[in-house]
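K.L.:
Please find one structure pasted underneath; my questions will follow.
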């Protein structure tokens, strides 16, 4: 039970202890005011450290930089390996698992133990890993590290426990999958080839057992040499020497011939009856030129030769196109009989695999689909239809369709918002997909009990917005919005337009969404804001455009004498130009005219009536203008409130407030003017350089996108030269923070403020003096904005609409507003707004402002209930606005008026009691690093402050006492992408862009960690392995002795001995509790499989017993009839019969 008293309310503002951590907490008049009687406030904090645990939940999107592909034809699950050591395992929708190798080495190859619930991965660090898939979170059971040889190819025959491993030296080793120990049986390269051969055959690029005889192993070397090795006799059956390098080999199911793909774009077919020359050589894409020679072709990287009962065989390969045309897209070619179909791909092909009906390589394969893994996409082609359509991908593989530039996460949304967004978005889905069911349908997944509506919003470089249904740890796209449709296409030929157009002029920097009112705002990189309203009906509309000249004019250094009197602020009137389609608001102190040729925006809004479809429809566009030959500064903060009908935004020049109901600009002031003459800082001149951030920082997909061209120094910010440089990339502007203030720029506080500061002793103002004054950018950016019902002055007795403004210098300003309450007056009367003079202070740039009532509950901002302005029925009723105001004093009958304000900066957090402005609690979050993201979230029916720091720490603090509850060094900040996309939400969840193509969701709630197993899908489902087809007596007799081949006799320790310990080192799986869990899960899976096997055996025994009984009955009947015939014929002669 945490208790505190309003004892500070009874003290005068001149008292040294009058405002802890709030040196400028005076009233508007600058004099002591009467305060309410101190009253005890009781807040029971229920959160404890045991409520928090950090773990990853699920990863969405396309695996970044994929390298390998595998498919289990019985379990019907798919695995994708990546260059960073990740493995994604996919089944039916909801079955999506991510695994990561601790080494981070690239995955070279994947091999399923078909229908065994296990996966073998071969990595670039020459290590083999065995993963147990019989648990919801797979884990490594065994690892085998090769020391002297590099792994190039692996092959695991169906229903075998011996894995063939080919190496760069040309040798083939054999590994026992059960024990993960190397066998003593080795096929050395010099034994495989003829002794007379003078050159090394190269690395092993292919291994496969003959479908005709499992005791024959086909080994393909890179140089073009192919050897069939008799495993029993330990000698080569035949050797093939071909001129062209081999990339892949594929058998015909009968085992009488195989096909090879080569580096010259050719396919060669070899018959085992005559291996001296190829049976056939074809150049599928090689045309004969006029001189009779065939044109040179690109290598065919892989070929698959699959047979079908009712049609010609399928020959599927990638590559092989001629070199004649530059810029041709990557292709997958399907040869079916005489028909050749070339499928062009959007990205290079990494790997492909034909999906077949049978897991047995000696049966007719019957391919029904082809999985094609591209560099940035995954597609599945339907082979059962002649036009080869693709299947509709149920996984969210197109998150990166345009690079993600920002994210937002909303938990516990209104339940009706997801169905309505889906109903609108489904109308714009692509068509022409295969009508068959998605072929990767393995695993099981059920909707857990701990689910609620969740929505993720992603903003992209091309100006598009995607709404995703993220409920129950799945992800499905609901609706896509293209913000570029509000503008005319830029034409570089139009004068200065060439300077205005960027590669991605519509890139999204920030979004603000109110799910209750469905008001949606986006901030673009061209210093533009678009406000959208949601409608279920299409409409003809004309977009209103407002143009704002928010520019801070550079002046001389402000001398200390200007601040000595420390006058208070006076409330200014509203700035409300008359509404029309194009408005300009002049910057304070601006001496230029509106007719200046520079006074134009970066983009042009459509100035005609446009037909807009149902969904989000643009209503208002706000753009900042060019001035003095410089583009407008990036917008750094935004907040919109549907109940007030107001939109506020700011950048490093100042603050603007727009009435989007009346389409007018209410306030347009520089940050300096918000303080008035009481500005506590000395301002310096700004260097007259252009400061325009390109979108490369937002959209770059490379790993080193975060690099800053400055000398790196030792700092706690993971390699960045300074916090300021990092923030400049993060926010898109050169922001100034007092934590980097130059030592020669003194602060000009009053004596009271200085005394408080000296006692707090928390600010460090000495920095290196190597920065010259001309290069110092002393503009104070507006970093956060928050509308809400609050108390702008100490003397206020009732809460009023206010705008809280946080800046990069750690200052918080309160701006009260007077908003007409009547609907008609609201649409006609102006809103009065002006600074109040109230200033609160923190250390570091302000990141987040939230409000709690005096019971410790989170106060939701007022909002307007959604109404469809385009609805046809009862237009009068629909026009009336229904507002929901949640006043700070609405639920506080026992504790009086007032509320708590939680303010978090990049260095510390403070809790203020309003209206007294007393600092009740303060906590220095970090000294060596700084906070990147902070939010007040609800967890376990309570609230806490969640923070993500630049050093990778995730922290939670109790409210209001700011006790540390969780501090985990989770994720070192490797690049700006994580900093830009990390966001918290309610329910103890968060997300960030773990790679340019993937979203990683995490939880810091112990409750969700406990329920995670229930929410995840099962990868392994007990399924009976299909029986092999009866080959018949003649086929089995002439087709070899494959079923009598016993690998254990050849490869076991008794026959082959132990493998070399120096060649490979066995590494046990995860130890401790995790290993026990893995083992337990494996045992449970084995027991389940054994139980199923027993049931099947019992069922078969029952069937056998029934058959035996029938045979006995039939035998008795036959015996009876035979005895009757005998008696009948007993006394007759033979000629009488």
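Numbering (the working numbering), first residue to last: 432 to 1568. For glycine and all other residues, C-beta sits at the position ideal for the given N, C-alpha and C.
1) Is the beta carbon of residue 1287 closer than 9 Å to that of residue 582?
2) State the CB to CB distance for the pair residue 1215 and residue 1237, rounded to an integer number of angstroms; the pair is presumed to be in contact (CB under 8 Å).
3) Between residue 944 and the rest of its own chain, which residues show a CB-CB distance below 8 Å, the 5 nearest in sequence each way excluded?
4) Quick one: what does DSSP say residue 562 is sitting in, helix, strand or coil?
5) Taking only three categories from DSSP, how would you classify residue 1248?
6) Measure the CB-CB distance between residue 761 and residue 747 and report whether it falls below 9 Å.
7) Let me know the secondary structure DSSP gives residue 1356 once reduced to three states.
8) Judging by CA-CA distance, which residue of 566, 1274 and 648 is the nearest neighbour of residue 594?
9) With a 10 Å radius around its C-beta and 16 neighbouring C-beta atoms as the bar for buried, classify residue 1432 as buried or exposed.
10) Nearest to residue 508 by CA position, among 494, 544 and 478, is which residue?
11) Decide if the stretch 1246 to 1262 is in contact with the stretch 1334 to 1342; the criterion is three or more beta carbon pairs, one per stretch, under 8 Å apart.
12) Determine, using beta carbons only, whether residue 1347 comes closer than 9 Å to chain E.
13) I want to know whether the stretch 808 to 825 touches the stretch 763 to 780 - three or more CB-CB distances under 8 Å.
14) Span of the beta strand (DSSP E) holding residue 1439?
15) Distance, Cα to Cα, residue 1008 vs residue 496?
16) Between the Cα of residue 652 and the Cα atoms of 693, 1376 and 1096, which residue gives the shortest distance?
17) Whole angstroms is fine: what's the gap from residue 883's alpha carbon to residue 899's?
18) Within the stretch 908 to 971, note down every full alpha helix (DSSP H) run reaching 4 residues or more, in order along the chain.
19) Is residue 854 helix, strand or coil by DSSP?
20) Given this structure, state the Cα-to-Cα distance separating residue 1554 from residue 1543, to the nearest angstrom.
21) Pairs of beta-carbons, one from the stretch 861 to 874 and one from the stretch 523 to 543, closer than 8 Å: are there three or more?
22) Residue 1059 to residue 1031, Cα distance in whole Å?
23) When you compare only the Cα positions, how much space is there between residue 1360 and residue 1079?
24) Helix, strand or coil, according to DSSP, for residue 1559 in the structure here?
25) Quick one: is residue 1492 buried, meaning 16 or more other Cβ sit within 10 Å of its Cβ, or exposed?
26) Would you mind listing the beta strand (DSSP E) stretches within the stretch 519 to 597 that are 3+ residues and don't spill past its ends, in chain order?
27) Give the straight-line distance between the Cα atoms of residue 966 and residue 894, rounded to the nearest whole angstrom.
28) Just reading off the beta strand (DSSP E) that residue 1090 is part of, what are its end residues?
29) Return the bridge partner residues of residue 1449 from the DSSP annotation.
30) Using 8 Å as the Cβ pair cut-off and three pairs as the minimum, do the stretch 1450 to 1459 and the stretch 1433 to 1442 touch?
31) So who's on the other strand from residue 737, going by DSSP bridges?
32) Identify, in the order they occur along the chain, each residue of the same chain with its Cβ nearer than 7 Å to the Cβ of residue 1398, setting aside the five sequence neighbours on each side.
33) Am I right that residue 1267 and residue 1246 are in contact with their C-beta atoms under 8 Å? What's the rounded C-beta distance?
34) Rounded to a whole number of angstroms, what is the C-alpha to C-alpha distance between residue 709 and residue 671?
35) Residues bridged to residue 821 by DSSP?
36) I need the boundaries of the beta strand (DSSP E) containing residue 1332, first residue and last residue.
P.N.:
For this structure:
1) Not closer than 9 Å, so no.
2) Between residue 1215 and residue 1237 the beta-carbon gap is near 4 Å, inside 8 Å, which marks them as a contact.
3) Once the five neighbours on either side are set aside, the close Cβ partners of residue 944 are 839, 841, 888, 950, 951 and 952.
4) Secondary structure at residue 562: strand, using DSSP grouped into helix, strand and coil.
5) Residue 1248: strand per DSSP, three-state reduction.
6) Judged by beta-carbon spacing, residue 747 lies beyond the 9 Å limit of residue 761, meaning their Cβ atoms are not closer than that value.
7) Three-state result, residue 1356: coil.
8) Per the Cα distances, 648.
9) Counting of Cβ neighbours within 10 angstroms places residue 1432 among the buried residues, the total reaching 16 or more.
10) Measuring from the Cα of residue 508, the nearest candidate turns out to be 544.
11) Flag = no, the stretch 1246 to 1262 and the stretch 1334 to 1342 do not touch.
12) No chain E appears in the structure shown, which is made up of a single protein chain.
13) Judged by Cβ distances under 8 Å, the stretch 808 to 825 makes contact with the stretch 763 to 780, as three or more pairs qualify.
14) That residue, residue 1439, is in no beta strand (DSSP E); its alpha helix (DSSP H) goes 1437 to 1446.
15) Confidence at residue 1008 is low in this model, with a pLDDT of 37, below 50, so the placement of that residue should be treated as unreliable; the coordinate-derived value is given next. Cα to Cα, residue 1008 sits roughly 53 Å from residue 496.
16) Check the Cα spacing between residue 652 and each of 693, 1376 and 1096: the tightest is with 693.
17) Whole-angstrom Cα-Cα distance: 14 Å.
18) Counting only runs of 4 or more, we get 928 to 931.
19) Judged by DSSP in its simplified three-state form, residue 854 adopts helix.
20) Roughly 16 Å between the two C-alpha positions.
21) Result yes; three or more Cβ-Cβ pairs closer than 8 Å.
22) Rounded to whole angstroms, residue 1059 to residue 1031 spans 11 Å at the Cα level.
23) Going by the C-alpha atoms only, they are around 30 Å apart.
24) Residue 1559 falls in the helix class under three-state DSSP.
25) Residue environment for residue 1492: exposed (fewer than 16 other C-beta atoms within 10 angstroms of its C-beta).
26) Counting only runs of 3 or more, we get 527 to 531, 538 to 544, 549 to 554, 558 to 563, 570 to 577 and 582 to 586.
27) Cα to Cα, residue 966 sits roughly 21 Å from residue 894.
28) Segment 1085 to 1090, the beta strand (DSSP E) holding residue 1090.
29) Paired residue(s): 875.
30) No: the two stretches stay apart, fewer than three of their Cβ pairs being nearer than 8 Å.
31) Bridge partners of residue 737: 745.
32) The beta carbon of residue 1398 lies closer than 7 Å to those of 1384 and 1386 in the same chain, with the five residues before and after it left out.
33) Contact between residue 1267 and residue 1246 holds, since their C-beta atoms are separated by about 6 Å, short of 8 Å.
34) Rounded to whole angstroms, the separation of the alpha carbons of residue 671 and residue 709 is 9 Å.
35) Bridge partners of residue 821: 812.
36) For residue 1332, the enclosing beta strand (DSSP E) stretches over residues 1330 to 1336.
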